[in-house]
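Number 207 marks the last residue of the sequence shown (the working numbering); no jumps. Ideal Cβ placement from N, Cα and C applies to all residues, glycine included. Read through the structure below, which is laid out as structure tokens, and then see the notes.
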Amino acid sequence: MDIEKLTHKSQEALNSANEAAVEMNHQELTPLHLMLALVRQPEGFIGTLIESMGIKPDIVESAILERLKRIPAVTGNADLQTYMSRSMTAVLSEATKVSARMKDEFVSVEHLFIACIEKDKECAQAASIAGITSAKILESLKKNRGNQRVTSQAPEETFQALQKYGRNLSDMAKQGKLDPVIGRDEEIRRVVQILSRRTKNNPVLIG
1 MDIEKLTHKS
11 QEALNSANEA
21 AVEMNHQELT
31 PLHLMLALVR
41 QPEGFIGTLI
51 ESMGIKPDIV
61 ESAILERLKR
71 IPAVTGNADL
81 QTYMSRSMTA
91 VLSEATKVSA
101 RMKDEFVSVE
111 HLFIACIEKD
121 KECAQAASIA
131 GITSAKILES
141 LKKNRGNQRV
151 TSQAPEETFQ
161 ALQKYGRNLS
171 DMAKQGKLDP
181 VIGRDEEIRR
191 VVQILSRRTK
201 NNPVLIG
């Protein structure tokens, strides 16, 4: 895989995955290490996607760690050198395909996460325990990313900008968090009428 085709967050996740493997004295770098790094990433997009499904990232992390404990640790090696497992190579290859399927120009963290679940049995089982499937991830991705494509190495900043600085009024309305509008029936009808025109000026309600 061309490292330049990875987003900055994807590169960070791979580095963190390698650090996790070394910390656990694992000689093989596996998809589980990568999945752990993606879930743990500070202010990461994967955490946002998981929370958007109503699932706590801690539950996913615990399921991953439970499986990582089963990997034999290498002892007595002060200068441990890790190498990619076959499954890890397969996951990275799959992530490139996922990116192409979604018509993205770079391999982002969501591509890596989906590839982990779709290509690695251990990752799929860990995700399943938390109630996560690739289909649910894609659904959450559509909600949080919309139709935006990955066209730079820092797309997460764009994806999360609206969430950080704005409010999703449609979601709030579905959850019954908006107060009812009283006495603006005529104005609302006019807004709908204007927005329904083929050519229009956008209406603004003041006060």
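Are the beta-carbon atoms of Leu32 and Leu68 separated by less than 8 Å? yes
Could you check how far apart the C-beta atoms of Met53 and Ser140 are, in whole angstroms? I think they sit under 8 Å. 5 Å
Nearest-angstrom Cα separation, counted from Ala13 out to Thr151: 19 Å
In its own chain, which residues sit with a C-beta less than 7 Å from the C-beta of Ser85, not counting the 5 before and 5 after it? Glu28, Leu29, Thr30
Straight-line CA distance for Glu187 to Leu178? 18 Å
Below 8 Å on the Cβ atoms is my contact criterion, and I expect Leu92 with Leu38 to pass it. Report the Cβ-Cβ distance as a whole number of Å. Not a contact, Cβ separation roughly 13 Å.
Please report the distance separating the alpha-carbon of Ala261 from that of Arg149. Because the chain is modelled from 1 through 207, residue 261 falls outside the range shown and cannot be assessed.
Between which two residues does the alpha helix (DSSP H) holding Ala115 run? 109–119
Consult DSSP for Glu4 and reduce its assignment to one of helix, strand or coil. helix
Is it buried or exposed for Ile64, if we count other Cβ within 10 angstroms and need 16 for buried? buried
Residues bridged to Met84 (per DSSP): Leu29
Between the beta-carbon of Ala73 and the beta-carbon of Val98, is there less than 8 Å? no
Between the CA atoms of Arg198 and Leu36 - distance to the nearest angstrom: 49 Å
Just how far apart, CA to CA, sit Ala130 and Ile59? 6 Å
Thinking just about the alpha-carbon of each residue, which of Asp104, Ser87, Met24, Met1 is nearest to the one in Arg70? Met24
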